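Residue numbers (the numbering used here), protein chains in the order written: chain A, 444 to 755; chain B, 134 to 560.
Everything on this sheet refers to the single structure shown next.
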């Protein structure tokens, strides 16, 4: 009845189309709260959200914290350095101990794929995946869907181009799943060293040419290139990468005139995206960040049993 | 005197028929066709009724990890031998990756004395290290280890990455009649991989391990085997490319043999499911094409041996993030049941299956095997029809780590006899 079909938010696969629509609709209402003079509603007063960040994060961590606070939940977050993980405690033990203090939601970011599943199997409260290894980043995909829907009115029939290290990107995986589920088509572009095995089985078009990928795209999502990947022989020089796979204003001329430019951040200006493109008129990068708070507010509300059209 | 009566005796290449086996003082004194023959002179005999059962030479698992010394919390020689007996094995060959590594006679003697002390009765034939501490730098002391009782050398758990060391190991071991068992894994191709490279890994966001990380080293080892003439045995074959390389090498007459493990002919990488660490093993579970190639390799003789690669671990080493989980499957108590499934599915004949778990490993390691008058009474009795469910709670092994928990299998060992003594009886 008007609520989510799943208890945990672990990946985009386990969310139905209806779940995604419900989350995005709810997030629209939540976004309005963030634009008020007093940015707080009492919806989750008395609830506690515990966030574990086992991997460094600035934007996502702050976004979850602000989302909890805008709904009047008490938010506690732990980072790897401050947690007992560094003392050799297992993930299950750490979380069981914290669970004994009765949180209502656990948020986890972890460098190992699947860690949120391990948690979800071992705790009673809802778990929200804030990014696990190369696997999934469902809240990022949801905020990306929200941003595109907001700008284009719908998702169905659109074409999304994702460009960068597809193999090692949880953002790519979750967005492929999310956009396809909502009726969009997806094309991925990268050198073959950055394509995962069996990528075309995920139902995407694959190209090694950025020009080809962006030609028909309604939205272009650039992925951050990690400079240390050079050591794994994934690309030659940053210079060559920027020229061949980066989004420059020159290259952008080949895209549709109303294309949306997206990036999950943090940006490597001048590598995967030219500064003038990141700051240009097509960029919705800061909309993505703003919508991130709204989507996370919607998720907190919904996983605690919230229904459609409630919230305020 | 003990008589095993009424069973179908299967000793591949030697016997297949209804025979009664007479045993005295640990040895087989006669094998008699009850329809034709006259039993040996009447002596008070204990009779084991094997009617409707299969009587085979004692099963040998040439690739196990018994974890002692050093990792007794995972397994001990005693608990591992109990697991072996329950699985139908009369002999096991523990790999040397203990702490300390079995790289010298003293450790080998310790393992044998623990086996004797355990009083389980299962025979233990240790495998010594290729290199000191299995560190891949210097040859271990093969002559002294051989004297102390090792039957092969291996750095199992680690590849011998240094080509020259592998060459010399094959040569040096050859002089002592020891086969070199190779764990084939090119580490820089594995990189940070934790499961098979493929669609499942892509879907789960786990770093993949390509087939070539195994087959590149299989091909290197075959080249070195052909260069040196040293006996090479490839451990835990998991890929179609490895099977093909071994098949071709055998055709050329290279002294190479190979083994695979039940999980490779039973499962694919899809068994990892939702990050099931019990399906994390090295080499990893592969694709269905690889599984098919391994089955073909067993059927056509390219793969000589089924060995469990029994790798027990504590729960705490598996109930962690997939990236951090230990590799391995506790396999001694499911190996025969899974192998019999291949027979039930007509992938291999019963005789071929028995061969891969008895005479083939014995031949490679220079051990006695087979049911012969005057030979040791190492015998396993199998019930082909008995359906049973794998329950880790019933494992005698300390390692409960298996992806087969809850599986229903048909066929199992119902009696295990070593040197005339019954070490497991569920007849």
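Where a beta carbon is used, it is the ideal one built from N, C-alpha and C, also for glycine.
The structure presented is a predicted model; accordingly, all values stated were derived computationally and were not measured.
Rounded straight-line distance, which links the Cα of residue j to that of residue i
{"i": "residue 335(B)", "j": "residue 613(A)", "result": "10 Å"}
{"i": "residue 226(B)", "j": "residue 180(B)", "result": "31 Å"}
{"i": "residue 725(A)", "j": "residue 604(A)", "result": "15 Å"}
{"i": "residue 416(B)", "j": "residue 555(A)", "result": "20 Å"}
{"i": "residue 562(B)", "j": "residue 489(B)", "result": "Chain B is shown only over 134 to 560; residue 562(B) falls outside these bounds and no answer can be derived."}
{"i": "residue 505(B)", "j": "residue 161(B)", "result": "7 Å"}
{"i": "residue 320(B)", "j": "residue 290(B)", "result": "12 Å"}
{"i": "residue 199(B)", "j": "residue 589(A)", "result": "55 Å"}
{"i": "residue 261(B)", "j": "residue 358(B)", "result": "19 Å"}
{"i": "residue 120(B)", "j": "residue 730(A)", "result": "Outside the displayed range of chain B (134 to 560) lies residue 120(B), so it cannot be described from this structure."}
{"i": "residue 692(A)", "j": "residue 379(B)", "result": "55 Å"}
{"i": "residue 558(B)", "j": "residue 156(B)", "result": "17 Å"}
{"i": "residue 208(B)", "j": "residue 469(B)", "result": "20 Å"}
{"i": "residue 585(A)", "j": "residue 452(A)", "result": "11 Å"}
{"i": "residue 503(A)", "j": "residue 411(B)", "result": "32 Å"}
{"i": "residue 659(A)", "j": "residue 459(A)", "result": "27 Å"}
{"i": "residue 512(A)", "j": "residue 483(A)", "result": "7 Å"}
{"i": "residue 648(A)", "j": "residue 418(B)", "result": "28 Å"}
{"i": "residue 741(A)", "j": "residue 466(A)", "result": "6 Å"}
{"i": "residue 284(B)", "j": "residue 371(B)", "result": "24 Å"}
Cβ-based neighbour list, residue i, same chain, cut-off 7 Å, excluding 5 preceding and 5 following
{"i": "residue 456(B)", "result": "327"}
{"i": "residue 152(B)", "result": "142, 164, 165 and 166"}
{"i": "residue 684(A)", "result": "668, 678 and 714"}
{"i": "residue 712(A)", "result": "718 and 721"}
Three-state class that DSSP yields for residue i in the structure shown
{"i": "residue 329(B)", "result": "strand"}
{"i": "residue 547(B)", "result": "strand"}
{"i": "residue 705(A)", "result": "strand"}
{"i": "residue 456(A)", "result": "coil"}
{"i": "residue 367(B)", "result": "strand"}
{"i": "residue 581(A)", "result": "helix"}
{"i": "residue 500(A)", "result": "coil"}
{"i": "residue 200(B)", "result": "coil"}
{"i": "residue 288(B)", "result": "coil"}
{"i": "residue 155(B)", "result": "strand"}
{"i": "residue 317(B)", "result": "coil"}
{"i": "residue 341(B)", "result": "strand"}
{"i": "residue 542(B)", "result": "strand"}
Proximity test, Cβ basis, 9 Å: residue i and chain C
{"i": "residue 582(A)", "result": "Going by chain labels, chain C is absent from the structure shown, which instead holds the protein chains A and B."}
Assigned exposure category for residue i - 16 Cβ within 10 Å defines buried
{"i": "residue 676(A)", "result": "exposed"}
{"i": "residue 407(B)", "result": "exposed"}
{"i": "residue 441(B)", "result": "buried"}
{"i": "residue 704(A)", "result": "buried"}
{"i": "residue 352(B)", "result": "buried"}
{"i": "residue 635(A)", "result": "exposed"}
{"i": "residue 548(B)", "result": "buried"}
{"i": "residue 168(B)", "result": "exposed"}
{"i": "residue 506(A)", "result": "buried"}
{"i": "residue 554(B)", "result": "exposed"}
{"i": "residue 296(B)", "result": "exposed"}
{"i": "residue 544(A)", "result": "exposed"}
{"i": "residue 206(B)", "result": "exposed"}
{"i": "residue 670(A)", "result": "exposed"}
{"i": "residue 192(B)", "result": "buried"}
{"i": "residue 652(A)", "result": "exposed"}
Close-in-space but distant-in-sequence residues of the same chain around residue i (CB under 6 Å, 5 per side omitted)
{"i": "residue 251(B)", "result": "210, 211 and 214"}
{"i": "residue 454(A)", "result": "579 and 581"}
{"i": "residue 517(A)", "result": "491"}
{"i": "residue 519(A)", "result": "493"}
{"i": "residue 354(B)", "result": "315 and 365"}
{"i": "residue 448(A)", "result": "459 and 462"}
{"i": "residue 575(A)", "result": "553, 556, 558 and 559"}
{"i": "residue 396(B)", "result": "462"}
Same chain, Cβ closer than 8 Å to residue i, neighbours up to 5 away in sequence not counted
{"i": "residue 460(B)", "result": "413, 414, 415 and 444"}
Taking a Cβ distance cut-off of 9 Å, strictly less, list which residues of the segment 623-653 of chain A are near chain B, in chain order.
639, 640, 641, 642, 644 and 645
Interface positions of the segment 533-559 of chain A facing chain B (Cβ-Cβ less than 9 Å), listed along the chain
533, 534, 535, 553, 554, 555, 556, 557 and 558
Near-chain B residues of the segment 448-463 of chain A (beta-carbon distance less than 7 Å), N- to C-terminal order:
none
Residues of the segment 568-593 of chain A in Cβ contact with chain B at a cutoff of 8 Å, in chain order, please.
575, 576, 577, 578 and 579
The segment 303-337 of chain B: which residues have C-beta closer than 8 Å to a C-beta of chain A, in chain order?
324, 330, 331, 332, 334, 335, 336 and 337
Of all the residues that make up the segment 377-389 of chain B, which are near chain A by a beta-carbon distance shorter than 9 Å?
none
Would you list, in chain order, the members of the segment 446-457 of chain B that have their beta-carbon closer than 8 Å to a beta-carbon of chain A?
449, 452, 453, 454, 455, 456 and 457
Of the residues that make up the segment 716-747 of chain A, which ones have a beta carbon closer than 7 Å to any beta carbon in chain B?
none
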